[in-house]
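This report concerns only the one structure given below.
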Amino acid sequence: PWRTGNLLITGPRITAEFLRQHCRDHGLYQSPALNDTLYLHYKGFSVIEGLQEYTGLRSLWFQCNGIQKIQNLDKQKELRCLFLQQNLIQELENLEPLSHLKQLNVGNNYIREIKNISCLRELSTLVISHNKLQDLSDVEHLTRCSSLCVLDLSHNLLHDPNILNILEQVPDLRVLYLMGNEVVRKIPNYRRTVILHLKQLTYLDEQPVFPKERACAEAWQVGGVEAERKVRELWQTQDQRKIQESLDAVVSIRDEQRRAREQEEEGRNTHTHITFHHVLT
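Counting from 1, one number per residue, gives the positions in the sequence shown under full-length UniProt numbering.
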């Protein structure tokens, strides 16, 4: 056992010698700064350490360890993707040096609040599923994350329907996972309501949001079920027309190809006849 700060640590450590051997074993560069990826998952590590010389990293894989704290990433200024899922992390912290980070996965941890990530100006994907988020105050920080496009909040303890008021302040949110939260049962007409609040959404939980579904939701908002039915029928008619036009186009192409083959065959027969006649004469 050894101690770092207030943490009592057991298990293997990330030493310079371990990293050199790891790079040799996996065909990576022996010069630390030349490596852009390190796969350090399933190693039993409790602490992120020893990465000071690995300044060129763009992807860092630490999932399925026993890491308790996000720390010691000050030199990873080029990092784009950080995978910390399935660890023992309780807090989002010490991310300020990662100014170019685009993807952060901290799923399956023990995080109770989203905070300290507004400094990640380029962050487009945040996976924080299977954690301990519960109240609106736990996710309010998302309103300061203007670059987020993909957000996975699934399987937390979220229960307040007013979370939509927070999510609609994330201007470019396109993919959202909320399934596995109590709030899904508390939002009336769940899919319609979420789609109406989040204007850019193209994927909700396990299903894409097609233009047809959005048009039906907007009609439902204005005129209820009857208006939605009419819009659905209109889209169905348009879909059928497009299908028929596609089929007609295929038939037309097939007919043109058949005529071209017939003309080619006719041309060959004519040439053969002329040649045969020439030989006879």
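By construction, the Cβ of each residue, glycine as well, lies at the ideal position given by its N, Cα and C atoms. What you are looking at is a predicted structure, and each value in this text was computed from that prediction instead of being measured.
Task: Status (buried if at least 16 other CB within 10 Å, exposed otherwise) for Ser137 - done: exposed
Open item on the list: For the pair the region 179-188 and the region 208-227, tell me if three or more CB-CB distances fall below 8 Å.
Closed with: no
TODO: Check whether the Cβ atoms of Arg112 and Asn131 lie closer than 9 Å to each other.
DONE: yes
Open item on the list: Rounding to the nearest angstrom, what Cα-Cα distance links Leu28 and Ile166 in this structure?
Closed with: 43 Å
- [ ] For Ser147, name the three-state secondary structure that DSSP assigns.
- [x] coil
Task: Pick from Ile67, Leu79 and Gln68 that is closest to Gln52, judged by C-alpha positions - done: Leu79
Task: Proximity of Cys81 and Gln103 at Cβ, strictly below 9 Å - done: yes
Task: Nearest candidate by alpha-carbon position, reference Val127, set Gln134, Gln86 and His100 - done: Gln86
- [ ] Assuming Leu142 contacts Val184 (C-beta within less than 8 Å), just tell me the rounded distance between them.
- [x] No, Leu142 and Val184 are not in contact; Cβ-Cβ is about 18 Å, not under 8 Å.
Task: Inter-residue CB distance, Tyr110 and Gln90 (contact presumed, cutoff 8 Å) - done: 5 Å
Task: Where the beta strand (DSSP E) containing Val47 begins and where it ends - done: Per DSSP, Val47 belongs to no beta strand (DSSP E) and is neither H nor E.
Open item on the list: Helix, strand or coil, according to DSSP, for Asn65 in the structure here?
Closed with: coil
Open item on the list: Out of Leu158, Gly56 and His197, which one is the CA nearest neighbour of Lys186?
Closed with: Leu158
Task: Integer-rounded CB distance, given that Leu148 should sit under 8 Å from Leu173 - done: 6 Å
- [ ] Please determine, among Leu84, Asn94 and Trp235, the residue with the shortest C-alpha to C-alpha distance to Lys77.
- [x] Asn94
Task: Contacting residues, own chain, Cβ-Cβ under 6 Å from Cys216 (five flanking each side not counted) - done: Glu228, Val231 and Arg232
TODO: Leaving out five residues on either side along the sequence, give the residues of the same chain with a beta carbon under 8 Å from the beta carbon of Leu34.
DONE: Gly56
Open item on the list: Alpha carbons only, please: which of Arg192, His197, Tyr42 and Leu60 is nearest the one belonging to Gly224?
Closed with: Arg192
TODO: Given a cut-off of 9 Å, decide if Leu101 and Glu122 are closer than it, judged by their beta-carbon atoms.
DONE: yes
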